[in-house]
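What follows is a set of notes on a single structure, which appears directly below.
Residue numbers (the working numbering): -5 to 485.
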């Protein structure tokens, strides 16, 4: 085996991020304390954007494997890796001031984020069950640590412990399902699993057991009902900067493992898992939207909103078709952009001595922060699926895909629940534009966004306005994502 045969350039983004993460640790060890933040932050941004560019360079190279077929590089992997790098760069820009004033902006914070991205990119490029699991656990360990970094916060400690215990249980379930697949097929390679899957009947009991365990583990990672119990508590208990990261970019990696495992590895057994996904989708859309109505915390409301949106994401998988996978890919990309904007606004509204968490904090926002109120208006309309925002077209695509595959009642329930869900999104708009602020309103009492960096303001503006400005070219965006998906093995 030669170095050239390993095709290490395929994992160049992961190598770059790992090297820079170690470099940030060394800088923290040797540089004076006052110079560390000024060096680690630009290095992390450079690594994330460089990894994104390196990923896009392989977009037109077709499907290639590396490290003895443990890793694969294809179009959809390139898009998702690039989205992961760019999205995480946005997270750092939004979070910098918030984390700094709360004592979280340390080398460990940057290193955990960089290694979390390495884990996500490993999951996205996995061509082997072992690679996929290693990436999944690397991401999970980084997230547990990030949530628990606020050691003086009881809520953060509770959230970290709950996520750790339930996450470990879900990982064990997923691993047991993978071990059953290995026993059935004699291989951990997704390619060999896909080629041998046709020799098993979908009614095979060990096979069904393996599929049920794997689907259960995946649904937990997505935060889908009935494995959603951790989502609102973890979102609410974590620092908002951590919630921003947790709620957005990892969804791209979660979509990737769904695609690799279900669409590719278990693609011939669609009938064994599509009904489970349909039930989970209906439950998630219903429970997420109904329970969100009763929330008074912005983060908990968006947590239940996430549960609902993950249900919509599953709709594209139900038929096991290329069109459905393309719709889900478009959905998860647009959803990630929306979520970055939503939590970015919450971060900008939070101040050194104040957390913008209650819905009542948004009362009369248009009277003093008309710019942020307008951006939040676009975000809420996108989450609700109101035209002409990108969120509307994302929902339309997955609903069309499910309808084309005969899931009429699933689509009817999803549409009804989407209308129900519009209530709590429009409630936010009502609070901002039609309610008067309280006399002691903490959001409005400080000078106009003096604590927010210019970079964060500009990035947030571009982030949110893109949800509307991209609409004339939404067809081109979907076509581009579909072409990227065309190099995927099963399509």
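Beta carbons are placed, not taken as given, at the ideal position from N, Cα and C, and that holds for glycine. Bear in mind the structure is a predicted one, so any value in this text is a computation, not a measurement.
Where does residue i land, buried or exposed, given buried means 16+ other C-beta within 10 angstroms?
i, result
"residue 439", "Low confidence applies to residue 439: its pLDDT is 49, below 50, so where it sits in the model is not reliable enough to give any reading."
"residue 375", "buried"
"residue 503", "Nothing can be reported for residue 503, as the shown portion of the chain is limited to -5 through 485."
"residue 441", "In this prediction, residue 441 scores a pLDDT of 44, lower than 50, which makes its location untrustworthy; no coordinate-derived value is stated."
"residue 136", "buried"
"residue 121", "buried"
"residue 523", "The structure shown has nothing for residue 523, since the chain only spans -5 to 485."
"residue 97", "exposed"
"residue 328", "buried"
"residue 65", "buried"
"residue 34", "buried"
Over the uninterrupted alpha helix (DSSP H) stretch that includes residue i, give me the two end residues.
i, result
"residue 465", "No alpha helix (DSSP H) holds residue 465; DSSP gives it neither H nor E."
"residue 404", "402 to 428"
"residue 127", "123 to 141"
"residue 317", "316 to 343"
"residue 303", "292 to 309"
"residue 13", "6 to 24"
"residue 268", "264 to 286"
"residue 203", "199 to 216"
Just grab the DSSP bridge partners of residue i for me.
i, result
"residue 66", "59"
Candidates the options: which alpha carbon is nearest residue i's?
i, options, result
"residue 211", "232, 172, 150", "172"
"residue 507", "228, 373, 206, 110", "Nothing can be reported for residue 507, as the shown portion of the chain is limited to -5 through 485."
"residue 339", "256, 44, 465, 235", "235"
"residue 230", "221, 289, 197, 248", "289"
"residue 78", "304, 111, 23, 135", "111"
"residue 287", "299, 278, 364, 276", "299"
"residue 271", "324, 293, 241, 217", "217"
"residue 140", "169, 109, 129", "109"
"residue 296", "362, 167, 370, 273", "370"
"residue 278", "263, 269, 304", "304"
"residue 313", "363, 301, 253", "253"
"residue 310", "336, 256, 333, 361", "256"
"residue 221", "264, 157, 240, 263", "157"
"residue 400", "335, 411, 473, 318", "318"
"residue 62", "5, 214, 215, 85", "5"
"residue 456", "55, 84, 14", "84"
In angstroms, rounded to a whole number, what distance separates the CA positions of residue i and residue j?
i, j, result
"residue 71", "residue 40", "20 Å"
"residue 11", "residue 44", "9 Å"
"residue 87", "residue 402", "43 Å"
"residue 201", "residue 174", "8 Å"
"residue 447", "residue 206", "47 Å"
"residue 116", "residue 355", "39 Å"
"residue 381", "residue 468", "12 Å"
"residue 377", "residue 419", "7 Å"
"residue 342", "residue 81", "17 Å"
"residue 337", "residue 424", "19 Å"
"residue 106", "residue 129", "14 Å"
"residue 389", "residue 422", "20 Å"
"residue 413", "residue 307", "17 Å"
"residue 465", "residue 387", "8 Å"
"residue 486", "residue 187", "Here the chain comprises residues numbered -5 to 485, so residue 486 is not present and cannot be evaluated."
"residue 162", "residue 284", "28 Å"
"residue 93", "residue 261", "43 Å"
"residue 293", "residue 351", "6 Å"
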